[in-house]
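Right, one structure below, let's go through it.
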Ligand SMILES: N[C@@H](CCC(=O)N[C@@H](CS)C(=O)NCC(=O)O)C(=O)O
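Residue numbers (my numbering): 47 to 255.
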């Protein structure tokens with residue numbers, strides 16, 4: 047298998063953590079988003095959506111989305127389970143993964159991509175160029191605050207985001223919350239339950255990769 051990664055970006059970090067938690071060693075090709083390598087003809091031939099992560103499996107299947115990559119690896123390498131084993135667990139884990147993506151990751155992306163001068167004309171990833179909309183950056187900042195509040199309330203008395211063990215939902219929420227640092231928002235003791243969970247996930251070896 048080949049894993050197309052970018053060490054500075056949050057989406058590939060999610061897949062990287064998932065791979066590490068599974069104990070897998072997969073050949074890595076670094077794609078520099080800073081240099082615009084995702085827009086090169088060579089990379090577009092692999093993923094026309096011009097995004098990382100991408101996993102090319104041993105049978106030649108190309109998977110370009112975190113959820114697709116996670117579902118494939120979970121089915122091919124079931125231990126340890128990261129996406130649940132019972133119907134209830136599977137539903138709950140994907141529910142919280144979607145909440146983290148839509149209510150956490152999207153606001154951070156909107157806040158960053160609509161305000162950073164280096165991302166002028168690149169407000170949305172992909173092969174097409176989009177102008178920045180400053181109001182979206184502002185809205186994103188407000189929504190990040192709401193997401194932190196929501197997760198703090200949810201994590202009171204819990205060790206993990208979904209079910210009673212570490213799962214894809216923890217990976218997704220952790221990586222996207224950690225990435226809020228790019229818009230100068232960090233978890234602090236104003237959100238004590240979130241902070242306890244965040245520190246525990248951060249201590250896992252997979253979070254340091
Ligand atoms: N929904 C995709 C998102 C992939 C994505 O947006 N990746 C970003 C890096 S975090 C990217 O490749 N950006 C390219 C760009 O900014 O041009 C997933 O979860 O895998």
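Ideal Cβ placement from N, Cα and C applies to all residues, glycine included.
As the crow flies, the alpha-carbon of residue 79 is around 15 Å from that of residue 92. Contact between residue 109 and residue 173 is absent: CB atoms are separated by about 18 Å, not below the 8 Å threshold. Inclusion of residue 233 and residue 194 in the CB contact set at 9 Å is warranted, their separation being smaller than that value.
Under the 8 Å Cβ criterion, the region 150-162 counts as touching the region 173-190, having at least three qualifying pairs. In the three-state scheme derived from DSSP, where H, G and I count as helix and E and B as strand, residue 242 is classed as helix.
Leaving aside the five residues that flank residue 221 on each side, the residues in its chain whose CB is nearer than 6 Å to its CB run, in chain order, 56, 59 and 60.
With contacts defined by Cβ atoms closer than 9 Å, residue 226 and residue 171 do not form a contacting pair. Bounds of any alpha helix (DSSP H) do not take in residue 212, whose DSSP letter is neither H nor E. Rounded to the nearest whole angstrom, the CA to CA distance from residue 77 to residue 148 is 25 Å. A direct Cα-to-Cα measurement between residue 71 and residue 63 gives close to 12 Å.
In the DSSP assignment, residue 48 forms a beta bridge with 73 and 102. Annotation for residue 255: 62 and 66 place their beta carbon closer than 6 Å to its own, counting only its chain and skipping 5 residues before and after. Within the DSSP secondary-structure output, residue 201 pairs in no beta bridge. Per DSSP, residue 227 lies in no alpha helix (DSSP H) segment and is marked neither H nor E. Judged by their CB atoms, residue 188 and residue 139 are not nearer to each other than the 9 Å cut-off. Distance check between residue 151 and each of 239, 215, 124 and 247 places 215 closest, using alpha-carbon atoms only.
Taking 8 Å as the cut-off, one finds at least one heavy atom of ligand 1 near enough to the beta carbon of residue 98.
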